[in-house]
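Chains as they are written, first to last, in my numbering: chain D, 17 to 322; chain U, 17 to 322; chain R, 17 to 322; chain P, 17 to 322.
The C-beta atom is built at its ideal place from N, Cα and C for all residues, glycine as well.
In this text, all values refer to a predicted model and were calculated from it rather than measured experimentally.
Reading through the C-alpha cells given below for one structure.
4 protein chains.
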Amino acid sequence: MDFSELDRVLCHVYHDCTPLLGQGRLADYIPELARVDPRQLGLCLHMNDGTTYCYGDTEVPLSIQSISKVFVLAMVLPRIQPYFERVHVEPSGDPFNSLVQLEYENGLPRNPFINAGALVTTDMLMELEPDAKGALLRFLTRLNRGRAVTFNEQVAKSELDHAGRNRALAYFMQSFSNIRSSVEELMDVYCHQCAVQMSLRDLTASFAFLANGGLSPTTGEQVVSRGDSKRINALMLTCGFYDESGEFAYRVGLPGKSGVGGGIATVLPGRFTLSVWSPGLNSKGNSLVGMRALEMFTARTSASLF
Amino acid sequence: MDFSELDRVLCHVYHDCTPLLGQGRLADYIPELARVDPRQLGLCLHMNDGTTYCYGDTEVPLSIQSISKVFVLAMVLPRIQPYFERVHVEPSGDPFNSLVQLEYENGLPRNPFINAGALVTTDMLMELEPDAKGALLRFLTRLNRGRAVTFNEQVAKSELDHAGRNRALAYFMQSFSNIRSSVEELMDVYCHQCAVQMSLRDLTASFAFLANGGLSPTTGEQVVSRGDSKRINALMLTCGFYDESGEFAYRVGLPGKSGVGGGIATVLPGRFTLSVWSPGLNSKGNSLVGMRALEMFTARTSASLF
Amino acid sequence: MDFSELDRVLCHVYHDCTPLLGQGRLADYIPELARVDPRQLGLCLHMNDGTTYCYGDTEVPLSIQSISKVFVLAMVLPRIQPYFERVHVEPSGDPFNSLVQLEYENGLPRNPFINAGALVTTDMLMELEPDAKGALLRFLTRLNRGRAVTFNEQVAKSELDHAGRNRALAYFMQSFSNIRSSVEELMDVYCHQCAVQMSLRDLTASFAFLANGGLSPTTGEQVVSRGDSKRINALMLTCGFYDESGEFAYRVGLPGKSGVGGGIATVLPGRFTLSVWSPGLNSKGNSLVGMRALEMFTARTSASLF
Amino acid sequence: MDFSELDRVLCHVYHDCTPLLGQGRLADYIPELARVDPRQLGLCLHMNDGTTYCYGDTEVPLSIQSISKVFVLAMVLPRIQPYFERVHVEPSGDPFNSLVQLEYENGLPRNPFINAGALVTTDMLMELEPDAKGALLRFLTRLNRGRAVTFNEQVAKSELDHAGRNRALAYFMQSFSNIRSSVEELMDVYCHQCAVQMSLRDLTASFAFLANGGLSPTTGEQVVSRGDSKRINALMLTCGFYDESGEFAYRVGLPGKSGVGGGIATVLPGRFTLSVWSPGLNSKGNSLVGMRALEMFTARTSASLF
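So, in C-alpha cells, the structure goes:
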C-alpha cells in the first residue's frame, strides 16, 4: 500500500471514529485529567521518511502518562547492564495487579511497563543522573527536534497526592533492595515523568526512533542501538497494554504503549509510527476510541507485524 | 540479507551449537521421549519461495508435542465463531501453572497454548469432526504435500498413562461447561495429537503457511485466512513459550511454538519458516540448544519482527 | 447454668428463629436438596450425661453432606500414622477455593475439611477397608446406638452427576500421587458419604463422642482416643465452616461442622453436643438460620470455649 | 489436675526442654534481638486465683513484639464499633504473606494479628488517643499492677530502620482509605508498640485478664467485656501463630499469641495464663523451644480447650 493510500485509510478511520466520541470514561482519579474535553480525537501517522499525516486534535497538549515509561526505558536500557537483573521481561497476565507477583518473585517486577517495573527503571535513571527530571526533559526535547517539552506541574502535583499505591510498591521493593533512591524523591521524579505533556504530533515524532531501528528519522540521532530498539518493541508488544496486551497483539498486531491520558503510540518497525489520542478510556484503562481506530486502520491496510 | 547469506549464517549457527549438545534434560515423564538420543540437532530454514536449507538431524521422526496445538488451532479457528468466547488471548504470566487462573476466570483458559486452552480447542475440533484424530492426520498430510503423517502409538499410550493433570483440567472445565465431549474421549484425541511424529523437514514445510499469510507456499492451499494467520502469529509471539514467552520475544523476536520433544517452529511473516530440534530441555521446558540457535541466528541476521 | 436453664434458652432461641425461616437459599446444584421444604428448623442439645432436648424438625431425615467428613476422619485418623503427611491442618483462608492452594503445595490439601482434604481422607479409608461404603454405614450405625443409618441413593446419584470439580481435584492430586484409589471408585464412595441421611436427633447422638473426649456417651465405646478427639475438635474450630470459620469462632466459639444440607453439628467439650438444621443457606454455604440460632444460644448462655 | 500437680508437670517440662536450648534461629533483622543470648528459657503459669509458678528466665526484660498486637486490640475493640468493618476475622492461610490478600480484598486485612490488621488497629488507637504511645504505656502499666512498662528505644529505632514492608502495607491500605493517620506517625507508634519490654512474669500477669472473662485477676479491673474477651481468644486461636495457627491449635489447643522476640502467651479460659520465652525461632517465626514446651505441658496435663 503506498503512502497516499495509507493517508486515505487514515482519513476514513478518523471520520468513522468521530461518531464514537463520548464513549468511555475519563481517568477520574486525577482532577486535571478528569477536566479534559472527552470529545477529542487525534490521529497521526509518521512515515520513516518523515512524511506525516495528521487528523483531528493533534496540536493540543496531552498528558502522556505511561507512554513516558518507554522514553525512560530508552534512556536507561543502554546504560545499565544487565538491566534485567532488576526487572523481568514477562507479561504480567494477572487480573489482580502487580503486588501479588512482586511478592511471589521477591521484589522483581514482571516487566518494565507495569508500575513496579517502571518505578525500578526510574530509580535506575536517578542512579545515572543526579538531576533525573532535567535529564528526561533534555532527552525528550532532543527527540522533539529541539522543541521544548515540559511537565504539567498541576498534573504532577495531583499524581503525587494520589500516589499511595505507587508508594506502597516502592517501599515494598525497597524492602527487597530493588529501590535504591529515597522513596519520596522517586515519587517526585515518577509523578513528573507521568505528567509530561506534548502534542500528539510531537509525541509521534519523538517516538519514531522505535520504528527505525533506534535511529530517529527526524533528528538523525541513534537514540538506542538496533538491538535495544528491537527489545523495547518486543516488550511493548507483549506488555504494553496492561491486561489487554494479548488482545491488542491479536486484534491490532503492532508494538505500542498506552497511557491513561488517552494516548497510544505504536510502531510498525521499518515503516511508520502511528499515534492516536482520545481521552475516554475502556474498562482496561486504554483509550476506547483509540483502540478502535488502530484496529480499523490495521484491518484496512493489512499493516501488521504478523 | 540475501538467501545465500542466510544459509551461510545458518551453517555457522549449526556448527557453533554442536559443542553445546548434551546440555539440558530430556522430558522424562514419557518413557519414549526419555529414550531419545539427546545429542541431536537439526535446523531447517524454509523460505516462502520454497527454497529450503537443512543442517543436521532433519530427517529423523520427532515427537511434535505442543507444536500440534498450532495445527489444531488452525483447523478450528476459521470454523468456530467466536472462538474466543471459550478461550482468552492473554499471556498467562503465572509461575504456577494454569489451574489457578482457570479458577479465577471461571473455567476460561487464558490462551490456546496453555494446556487448558489446547484442551478446549481439541474439544471444539471434536464437535466439528466425528473422527477428530483422522481429520487431524488428513489435515497434516495435506499440509505435508501428501506425505503421510502418523501418530506414534507408544508415545500416545505413555501420554495417556500420565494424563492425570490434564484430566483434572478437563474435568474442572467441564464443571464450568467449557468441555463438552466426554473427558476420556478428549484425553484420547489430545494424547494422540501430542504424539504426532514428523521429520523436522516435514514439520517446517507444514508450518510454512503461517509465514505466508495463511497460504501454504508448498501446496498453494489457503489454509487459513490472512487475518487468522495474523492472529495465530500474534498468539504464538505472546504465548508460544510457556513462562518464557516474553524472554523469547525479547531475545529472538519471532512468533513460534515449542514442544517438550525439543522441537521449535518459528516464522518471520512474509519471509521464512525456521525450525530447530534438539531434545535437551531448559528449566522452562523449551529446547535448550534450540533456543540458543534461534537467538544466534536472529542476532546475526537481524531477522526479527521488531 | 444448669440443665433446665439451658433448655429454657434453647426453647426461646427456637421461637425467636422461626420468624426467620424462608431466608437463605437451598443448595440448588443437587435436585434432591433443592426440593426440600426450606421452612424447617430443628435444634437438638445432647448433654454428656445423655439428657437430650429437642425442638422443631428433629425427626426428619436430613442429608448430612460435609458433616460426614468428620465421621470419616474419625475412622481414619487413629489408623493412619502419620495422617498429616498427606493432609495439612491449616485453615485455607482462600476466597477462591482449594485448587489454587493444592497447586502451591504440590497436591497436599490444606486441611481435612476442604473437599480436597476430605477426598484424600476417603481415599485412606478405601486403603483400610475393601468395602468402604459398608464400613462407614457400620461405623455410623454403631455410633447411632444400633439404629440403621443409610445412604439416600438418589442424592448420591445426583452428587455423582455433579462431581466434575471433585473429579478434577482427585485427578490433580492423583498426579501428585496423593490419591491412590481409582478416581471413579473414589467418587462413588465420596458421593455416598455425602448422601448419608439421619434425623437431627440421631446425628446429634452420633456426634456426641467429640464432646466427651472420644468416648461415646450413648454407647460407652471409646470411638477415638482423647488426643484424637482434641485434634478433631481443633480442626473443626479452625476449619469447619469453609471461609466463615474465623467468623464462626469469633461469634459462636464452638468447634463444629456444617453441610450444604443445612445441618450444623457442634460440641462444647466436656459438656454437650448441640446441633441445628435449617435448609436455607447463607452466601458462604452455611445454614443461615442455623448460624443465627447458635449465635443466640451461646450469647445467652455464655457457653463457649473462650 | 490440682495446682501442685500442674506445678510438678511445669517443672518437668522445664527440665526436659533445657537440653533443646540453642536450637532455632534468632530474629536477625533487628540487631538488638540478634544479640540476645539464645540459651534462655522461661516458663510462667499464672492461675486465675493469682497463684504463680515460674521456672527459668522469667525476670529478664524481653521484647514482646507481636504479642503487643493483643494489648492494642484490647484497647481498641471495646471503643470502635464496628471494628470489623475495617479488619476481617478469618485466618490468613496464605503461605505468601498478606499483601496478596490485601489486594484481593480491597485493603481490608484478613485479621488483627497479621501485620496489616495490626497496623489498622494501631491506626484506630491513634484516632482515639492523641498520644497513642503514652496511652499504651499507661494501659500496660495498669495491667501490670502499677509497675512501669517501657519501650526499648533502641529496638524501636531498629524496627523503624527495617519497616519497609510495613510502610508498603500502610501506604497500600491508605490508598484504600483504610489507614487514616500519617504513615510516618503510624510507623513510629507501631515500631514502639513492638518494642515494649517486660519480664515474662509481668507479661503473664498483664495477659491474665483474657483467662478470666476480661477481668484482670491481679488488679480486679474489667479490662474488656466478657464478650470481647471471648472474641479476642477466638481470634488468637485461629490466627495467633501466623501460618502455624492450625498446627498450634491441633497440637496445643490453647488460644495464644507469639512474637519474634521468642515470647508466647497463652490462656486456658476460666483456668490459667501460661507463658513461655525462649529466643530461638523455628522456620515459621515462632519460638522453637517455646512451642515444644507448650505441647509437652498440654499433652501431660490434658489442659486444652478441646
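Problem set entry | Limits of the unbroken alpha helix (DSSP H) element including P/Lys246 | By one-based count along the fourth sequence, residue 246 of chain P stands at place 230. That run of the alpha helix (DSSP H) goes 242-255.
For this session: Return the Cβ separation of R/Ala227 and R/Asn64 in integer angstroms, given the expectation that the two are a contact with Cβ distance under 8 angstroms.
Result: Residue 227 of chain R sits at position 211 when you count from the first residue of the third sequence. Residue 64 of chain R sits at position 48 when you count from the first residue of the third sequence. Right, their Cβ atoms sit about 6 angstroms apart.
For this session: Output the distance between the C-alpha atoms of D/Asn127 and R/Lys85, rounded to the nearest integer angstrom.
Result: To locate residue 127 of chain D, count along the first sequence from 1; it is residue 111. To locate residue 85 of chain R, count along the third sequence from 1; it is residue 69. If I take the Cα positions, the gap works out to 45 angstroms.
For this session: Spell out a yes or no on whether the segment 123-137 of chain U and the segment 166-178 of chain U are touching, meaning 3 or more CB-CB pairs, one atom from each, closer than 8 angstroms.
Result: With a cut-off of 8 angstroms, the segment 166-178 of chain U and the segment 123-137 of chain U do not count as touching, because too few Cβ pairs lie within range.
Exercise. What residue ranges within the segment 47-114 of chain D form continuous alpha helix (DSSP H) runs of no fewer than 4 residues, ordered along the chain?
Worked result: The segment 47-114 of chain D contains these whole alpha helix (DSSP H) runs: 47-50, 84-92.
For this session: Measure the C-alpha to C-alpha separation of R/Ala221 and R/Thr68 and round it to an integer number of angstroms.
Result: As a first step, residue 221 of chain R must be located in the third sequence, where it is residue number 205. As a first step, residue 68 of chain R must be located in the third sequence, where it is residue number 52. The alpha-carbon separation between R/Ala221 and R/Thr68 amounts to approximately 9 angstroms.
Exercise. Which of helix, strand or coil does DSSP assign to D/Lys273?
Worked result: Taking the first sequence and counting its residues from 1, the one referred to as residue 273 of chain D is at position 257. In the structure shown, D/Lys273 sits in a strand (DSSP, three-state: E or B).
Exercise. Whole-angstrom Cβ separation of R/Leu202 and R/Leu135, contact assumed at under 8 angstroms?
Worked result: As a first step, residue 202 of chain R is located in the third sequence; it is residue number 186 there, counting from the start. As a first step, residue 135 of chain R is located in the third sequence; it is residue number 119 there, counting from the start. The pair is a contact, with the Cβ atoms about 7 angstroms apart (cut-off 8 angstroms).
Exercise. Is U/Gly262 close to chain D, meaning its C-beta is less than 8 angstroms from at least one C-beta of that chain?
Worked result: One-based indexing of the second sequence puts residue 262 of chain U at position 246. It does: the Cβ of U/Gly262 has a partner Cβ on chain D nearer than 8 angstroms.
Exercise. Among residues of its own chain, excluding the 5 on either side of P/Phe257, which ones have a beta-carbon nearer than 6 angstroms to its beta-carbon?
Worked result: Counting from 1 along the fourth sequence, the entry for residue 257 of chain P is found at position 241. Cβ within range, chain order: Phe264, Ser274, Asn302.
Exercise. Among residues of its own chain, excluding the 5 on either side of P/Glu106, which ones have a beta-carbon nearer than 7 angstroms to its beta-carbon?
Worked result: On the fourth sequence, position 90 is the one that residue 106 of chain P refers to. Arg126, Asn127, listed in sequence order.
Problem set entry | Under the three-state DSSP convention, the category R/Ala319 falls into | Position 303 of the third sequence, counted from the start, is the residue given in the question as residue 319 of chain R. Residue state, collapsed to three classes: coil.
For this session: Taking only the alpha-carbon atoms, compute the straight-line gap between P/Phe112 and R/Tyr30 and give it to the nearest angstrom.
Result: What you label residue 112 of chain P is simply residue 96 of the fourth sequence in a count that begins at 1. What you label residue 30 of chain R is simply residue 14 of the third sequence in a count that begins at 1. For P/Phe112, the pLDDT reaches just 41, beneath the cut-off of 50, and the residue's location in the model is therefore unreliable, leaving the point undetermined.
Exercise. For P/Gln170, does the count of other Cβ atoms within 10 angstroms reach 16, so buried, or fall short, so exposed?
Worked result: Locating residue 170 of chain P in the fourth sequence gives position 154, where the first residue counts as 1. Classification of P/Gln170: exposed, given that the 10 Å Cβ count is below 16.
Problem set entry | First through last residue of the beta strand (DSSP E) which encompasses U/Val171 | Reading the second sequence from its first residue, position 155 is the one you call residue 171 of chain U. U/Val171 -> not in any beta strand (DSSP E); alpha helix (DSSP H) instead, spanning 169-177.
Exercise. With respect to the beta strand (DSSP E) encompassing D/Thr282, which residues constitute its N-terminal and C-terminal limits?
Worked result: As a position in the first sequence, residue 282 of chain D is number 266, starting the count at 1. Residues 279-284.
Exercise. For P/Phe192, which three-state DSSP category applies?
Worked result: For the purposes of this step, residue 192 of chain P is taken as the residue at position 176 of the fourth sequence. If DSSP states are grouped into helix, strand and coil, P/Phe192 belongs with coil.
Problem set entry | Beta-carbon proximity of R/Ser215 to R/Asp139, cut-off 8 angstroms | Locating residue 215 of chain R in the third sequence gives position 199, counting from the first residue. Locating residue 139 of chain R in the third sequence gives position 123, counting from the first residue. No, the pair does not count as a contact, with Cβ atoms beyond the cut-off.
For this session: Just mark U/Arg95 as buried or exposed, buried being the case when its beta carbon has 16 or more other beta carbons within 10 Å.
Result: By one-based count along the second sequence, residue 95 of chain U stands at place 79. Counting Cβ neighbours within 10 Å, U/Arg95 comes out exposed, since fewer than 16 surround it.
Problem set entry | Continuous beta strand (DSSP E) stretch holding D/Val212: start and end | The residue you call residue 212 of chain D lines up with position 196 of the first sequence. DSSP places D/Val212 in the uninterrupted beta strand (DSSP E) bounded by 212-215.
For this session: Using beta-carbon positions only, say whether D/Lys149 and D/His208 come within less than 8 angstroms of one another.
Result: Residue numbering aside, residue 149 of chain D sits at position 133 when the first sequence is read from its first letter. Residue numbering aside, residue 208 of chain D sits at position 192 when the first sequence is read from its first letter. Contact check for D/Lys149 against D/His208 passes: the beta carbons are separated by less than 8 angstroms.
Problem set entry | Cα-Cα separation, D/Val252 to D/Leu78 | The residue given as residue 252 of chain D occupies position 236 in the first sequence. The residue given as residue 78 of chain D occupies position 62 in the first sequence. It should be noted that the sequence gives Met, not Val, for residue 252 of chain D. Approximately 21 angstroms between the Cα atoms of the pair.
For this session: Would you verify that the beta carbon of R/Ala224 is, or is not, closer than 8 angstroms to some beta carbon of chain P?
Result: In the third sequence, counting from the first residue as 1, residue 224 of chain R sits at position 208. It does not: the Cβ of R/Ala224 has no partner Cβ on chain P nearer than 8 angstroms.
Exercise. In the structure shown, what three-state DSSP assignment does U/Leu297 receive?
Worked result: For the purposes of this step, residue 297 of chain U is taken as residue 281 along the second sequence, with counting starting at 1. In the three-state reduction of the DSSP assignment, U/Leu297 falls in the strand class.
Exercise. Can the beta-carbon of D/Ser1 be found closer than 8 angstroms to that of D/Leu270?
Worked result: As displayed, chain D neither begins before 17 nor continues past 322, which places residue 1 of chain D out of reach and without an answer.
Exercise. Which residues in chain U sit within 7 angstroms of D/Ala250, going by Cβ to Cβ distance?
Worked result: Within the first sequence, residue 250 of chain D is the residue found at index 234, counting from 1. Those within 7 angstroms of D/Ala250 in chain U are Ala265, Tyr266, Gly269, Phe322.
For this session: Determine, using beta carbons only, whether U/Gln81 comes closer than 8 angstroms to chain R.
Result: For the purposes of this step, residue 81 of chain U is taken as residue 65 along the second sequence, with counting starting at 1. Taking 8 angstroms as the CB threshold, U/Gln81 stays off the interface with chain R.
For this session: Could you give the DSSP three-state label for D/Leu310: helix, strand or coil?
Result: By one-based count along the first sequence, residue 310 of chain D stands at place 294. If DSSP states are grouped into helix, strand and coil, D/Leu310 belongs with the helices.
For this session: Report yes or no: is there a C-beta of chain R within less than 8 angstroms of the C-beta of P/Asn127?
Result: For the purposes of this step, residue 127 of chain P is taken as the residue at position 111 of the fourth sequence. Yes, because at least one Cβ of chain R sits closer than 8 angstroms to the Cβ of P/Asn127.
Exercise. Is the beta carbon of D/Ile46 less than 8 angstroms from the beta carbon of D/Gly279?
Worked result: Counted from its first residue, the first sequence places residue 46 of chain D at position 30. Counted from its first residue, the first sequence places residue 279 of chain D at position 263. Against a cut-off of 8 angstroms, the Cβ pair of D/Gly279 and D/Ile46 comes out as no contact.
Problem set entry | Unbroken alpha helix (DSSP H) run spanning U/Val136, endpoints | Along the second sequence, read from residue 1 onward, the residue named residue 136 of chain U stands at position 120. U/Val136: member of the alpha helix (DSSP H) spanning 131-144, first to last residue.
Problem set entry | CA-to-CA distance, U/Asn249 to R/Ser191, given in whole angstroms | Against the third sequence, residue 191 of chain R aligns to sequence position 175. Against the second sequence, residue 249 of chain U aligns to sequence position 233. If you draw a straight line from the Cα of R/Ser191 to the Cα of U/Asn249, it is about 33 angstroms long.
For this session: With DSSP as the reference, label D/Thr289 as helix, strand or coil.
Result: Here residue 289 of chain D corresponds to residue number 273 of the first sequence, with the count starting at 1. When DSSP states are grouped into helix, strand and coil, D/Thr289 belongs to the strand group.
Problem set entry | Identity of the residues DSSP links to U/Leu231 by a beta bridge | Translated into positions along the second sequence, residue 231 of chain U becomes position 215. Paired residues: U/Gln238.
Exercise. In the DSSP assignment, what residue or residues form a beta bridge with U/Ser303?
Worked result: For the purposes of this step, residue 303 of chain U is taken as residue 287 along the second sequence, with counting starting at 1. Looking at the DSSP assignment, U/Ser303 forms a beta bridge with U/Leu297.
For this session: From the DSSP output, in three-state form, read off R/Arg154 for me.
Result: Here residue 154 of chain R is taken as the residue at index 138 of the third sequence, counted from 1. Helix.
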